[in-house]
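Chains as they are written, first to last, in the numbering used here: chain A, 394 to 819; chain B, 394 to 819.
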């Protein structure tokens, strides 16, 4: 069994883990050696992770953490309760524990929080041969792509791609080989911004420096990928009125708990909509046909709003939309809204006339629909952009807010126009 | 001016490009040397790209393409019209043109379509020293992380990380140094699947082989990242009823054109909703208060459906949801729906009673809301999962479909329950 397991890649074992029962999972986990167990632990979702850790002795956790890359060990420790965390750190190798404590000072979602402090750095006077010799004895978990050159204060001076080092004359000092035009990120920079940097400049690894320019770690592309994936999930699920944790949970009650808050906000909005309609109860009683097109006003307003807000939220995330473009974007979107509002308003007036036989009904529905869509699209730009400026996640500012307010304003517009026109004509 | 430009990173120039007028953009572009111009061209969105290419002579395009990595050159060529493309390939360096023609045989969204054919491969008998010497003379655009070892038929035997090569004894044949347990992808594999592989196994580069196991190229992590970003944008915007092209276009009319199709589908759905309501016109006229809660039925059904479908779509994309889990997932989601449906139904009956003063209204709204939510959540699992099984993008199957059908079924449920209960009690 053990030897069969050793032939599997840890990522495959992690994938299998998820479909096992709790008991099977623990049995399988016990069979793994520390290194593989550590990798598997890193590969499963946080719920499975917590389950597996729960059954381990503190000393077993410490052994696993010793076998992990430092950044992953720090992440895992961050999930334990403080008391447990301190005890585990006490049992671990002194040196590793110190490095992890250092690493845990950085915020989870900062560049420092996702970097690994294991960097291979040398002084500029070292020759290519000396550096290669040092490489031979270095023990690093991650692959090395570049050598970093630092001065005595630890400040980053430049970097030498491994290939350049290999092919250089042996006695060449790395100070002469290095590229000095290095893109770096600050340790306290937001992880998403750091990831965008790496993506923008097509880097496989990006060095992290502290406020004094001292090299403190590096972020590799696989960490960057994880951040981008996480942020995309976050945006998508927040726009849908839930959170990214919903991907990691399998329990019915926790899933319900993650979805109910936004549904309650929505229910409150619906109550306001009902109050609006009740206010126009006399108009409704007079022309019941008005009710037939409540779905159209709501759905068309809602959908055009979501189209816009999703475009803005994704644009802000990928960098095609910039913070300072609010006015330009708003102007453009209002023009887009005029086009789509008029097309849809015109088309909607046809079934409105056809179903009720009243041309006035066609006019009311067409005009209201166009207005509701224009308002919805405007909100679709405004809320996420304002959220972004105020430091609120645009996806949070967009999702719940837009749908609920659009429903209410759409209905207000519809019944205001309807009651006015009906009064004028009758 | 030229020298100031040469100090800027091409990614920064590309970013600036977007905010310039067409004329400024062309002037700036003319000032760049071929290599930088090629990089800038690769960094801007496809609309800007097309604009810049339009103003160039075929010979200028050929010069730019000669200066580009092959995979990017192939992508760019793919955007030209066939006649232009063939002419440009004729003017280009013979060798490069042949490689690009070869590359363009792969589908755009396959592993072959995003790989670069520039690989550094050696036979297993070569010694570390010979390989290093060969490296010295190789001209490759991308960074090298590993050396690939192939046999005489070009089949991949293994790979040697650069660091292992550096630190090995000079006379060691690479056949003895190589790792043989290499994860590869097939050239015809879907790009997203290939990217997921790289992500799953934490690879910085993944070798691409043809159906005979011959090494034909490699995909680096920066290409993988672009794919993941593209796929995330695609899912998000398709769920919102538009397409990923909307991020790249700045024209009002093209934006409107990208949004209108789904709005028209929605309008059709709204017409069906209106027909349903017209059918229940007598019930509505009898109890106008029923209209007050049309928004609640629609919004709560719609939102719980979107929460579910977005979770499923994202889960399928990130691999937390698997194709064969349909029944398990469906069962779990129905239980989630029972919980949230009952909570929300119960809560919704309060404003329904309060606004109308009729306890029967509270009952009708509560029960209908719960039923509409359960149906919506079920659809939220069913449509994307079925779409996925049938090879339809789950995001497409989810987005437009769910919202529209939920509105109609929700209203049918509401008025069916309302007319039945009203008849029973009166």
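Note that beta-carbon positions come from the ideal geometry of N, C-alpha and C, so glycine has one too.
Just to confirm my understanding: we take residue i, look at its own chain, exclude 5 residues before and 5 after, and list those with CB closer than 6 Å. What are they?
i	result
residue 780 (chain A)	787 and 790
residue 432 (chain B)	403
residue 481 (chain A)	451, 454 and 455
residue 777 (chain A)	702, 705, 706, 787, 790 and 791
residue 614 (chain A)	597
Per DSSP, which one or two residues make a beta bridge with residue i?
i	result
residue 353 (chain A)	Only positions 394 to 819 of chain A appear in this structure, which leaves residue 353 (chain A) out of reach.
residue 579 (chain A)	A:602
residue 803 (chain B)	Per DSSP, none; premise fails for residue 803 (chain B).
residue 607 (chain A)	A:548
residue 566 (chain B)	B:520
residue 553 (chain B)	B:540
residue 452 (chain A)	Bridge partners of residue 452 (chain A): none, in fact.
residue 572 (chain A)	A:552
residue 797 (chain A)	DSSP lists no partner for residue 797 (chain A).
residue 503 (chain A)	A:583
When you compare each of the options to residue i by their alpha carbons, which one comes out closest?
i	options	result
residue 729 (chain A)	A:410, A:704 and A:814	A:704
residue 510 (chain B)	B:603, B:801 and B:725	B:603
residue 477 (chain A)	A:735, A:732, A:449 and A:503	A:449
residue 582 (chain A)	A:599, A:818 and A:493	A:599
residue 547 (chain B)	B:529, B:569, B:610 and B:428	B:610
residue 754 (chain A)	B:734, B:667 and B:530	B:667
residue 724 (chain B)	B:487, B:545, B:405 and B:770	B:770
residue 799 (chain B)	B:763, B:588 and B:768	B:768
residue 568 (chain A)	A:675, A:588 and A:515	A:515
residue 643 (chain B)	B:430, B:415, B:416 and B:440	B:440
residue 587 (chain B)	B:612, B:571 and B:733	B:612
residue 572 (chain A)	A:584, A:498 and A:557	A:557
residue 550 (chain A)	A:518, A:683, A:784 and A:525	A:518
residue 772 (chain A)	A:802, A:756, A:762 and A:783	A:802
residue 506 (chain A)	A:470, A:638 and A:718	A:470
residue 764 (chain A)	A:691, A:654 and A:648	A:691
residue 651 (chain B)	B:638, B:435 and B:475	B:638
residue 537 (chain B)	B:576, B:647, B:504 and B:552	B:552
residue 718 (chain A)	A:774, A:733, A:734 and A:525	A:774
residue 414 (chain A)	A:401, A:445 and A:580	A:445
residue 649 (chain B)	A:732, A:426, A:578 and A:722	A:732
residue 527 (chain A)	B:542, B:499, B:527 and B:559	B:559
Within a Cβ cutoff of 8 Å, which residues of the same chain sit near residue i, ignoring the five residues on either side of it in sequence?
i	result
residue 759 (chain B)	738, 739, 741, 742 and 745
residue 656 (chain A)	634
residue 489 (chain B)	458, 459, 463 and 466
residue 810 (chain B)	757, 760, 761 and 764
Kindly indicate the opening and closing residues of the alpha helix (DSSP H) around residue i.
i	result
residue 777 (chain B)	752-782
residue 480 (chain B)	475-484
residue 654 (chain A)	645-672
residue 516 (chain A)	First-last for residue 516 (chain A): undefined, no H or E at that position.
residue 540 (chain B)	Segment 539-543 is the beta strand (DSSP E) holding residue 540 (chain B); no alpha helix (DSSP H) there.
residue 408 (chain A)	403-410
residue 641 (chain B)	Careful: residue 641 (chain B) lies outside any alpha helix (DSSP H) and carries neither H nor E.
residue 744 (chain B)	719-749
residue 634 (chain B)	From DSSP, residue 634 (chain B) is part of no alpha helix (DSSP H); its letter is neither H nor E.
residue 494 (chain A)	487-496
residue 443 (chain B)	439-447
Tell me the residue span of the beta strand (DSSP E) that contains residue i.
i	result
residue 691 (chain B)	Unbroken run through residue 691 (chain B) is the alpha helix (DSSP H), 687-711; no beta strand (DSSP E).
residue 425 (chain A)	Element bounds for residue 425 (chain A): n/a, residue is neither H nor E.
Excluding sequence positions up to five away, which residues of its chain have a Cβ less than 7 Å from the Cβ of residue i?
i	result
residue 686 (chain A)	745 and 758
residue 585 (chain B)	620 and 624
residue 485 (chain B)	455, 458 and 459
residue 812 (chain B)	673 and 676
residue 407 (chain A)	433, 436 and 437
**Message:** So if I threshold CB-CB distances at 9 Å, which residues from the region 688-716 of chain B count as touching chain A?
**Reply:** Flagged, chain order: 688, 689, 690, 691, 692, 693, 695, 696, 697, 699, 700, 701, 702, 703, 704, 706, 707, 708, 710, 711, 712, 713, 714 and 715.
**Item:** Contacting positions in the region 648-672 of chain A - beta carbon closer than 8 Å to chain B
**Value:** 648, 649, 652, 653, 655, 656, 657, 659, 660, 662, 663, 664, 666, 667, 668, 670 and 671
**Request:** Please name the residues in the region 742-754 of chain A whose beta-carbon is closer than 7 Å to at least one beta-carbon of chain B, in chain order.
**Result:** 744 and 748
**Prompt:** Residues in the region 621-640 of chain B with C-beta within 8 Å of chain A's C-beta atoms, listed in sequence order?
**Reply:** 621, 622, 625, 626, 628, 629, 630, 632, 633, 634, 635, 639 and 640
**Request:** Compile a chain-ordered list of the residues in the region 542-573 of chain B whose CB is closer than 8 Å to at least one CB of chain A.
**Result:** Only 554, 555, 556, 558, 559 and 560 from the region 542-573 of chain B bring a Cβ to less than 8 Å from some Cβ of chain A.
**Item:** Against chain A: residues of the region 585-599 of chain B by CB proximity under 7 Å
**Value:** 592, 593, 594, 595 and 597
**Prompt:** At a Cβ cut of 7 Å, what residues of the region 401-423 of chain B count as close to chain A, listed as they run along the chain?
**Reply:** 402 and 404
**Message:** Please list, in chain order, the residues of the region 755-780 of chain B that have any C-beta partner in chain A closer than 8 Å.
**Reply:** For the region 755-780 of chain B, the set of positions with a beta-carbon nearer than 8 Å to some beta-carbon of chain A is empty.
**Prompt:** In the region 436-467 of chain A, which residues sit with their C-beta less than 9 Å from some C-beta in chain B, listed in chain order?
**Reply:** 436 and 438
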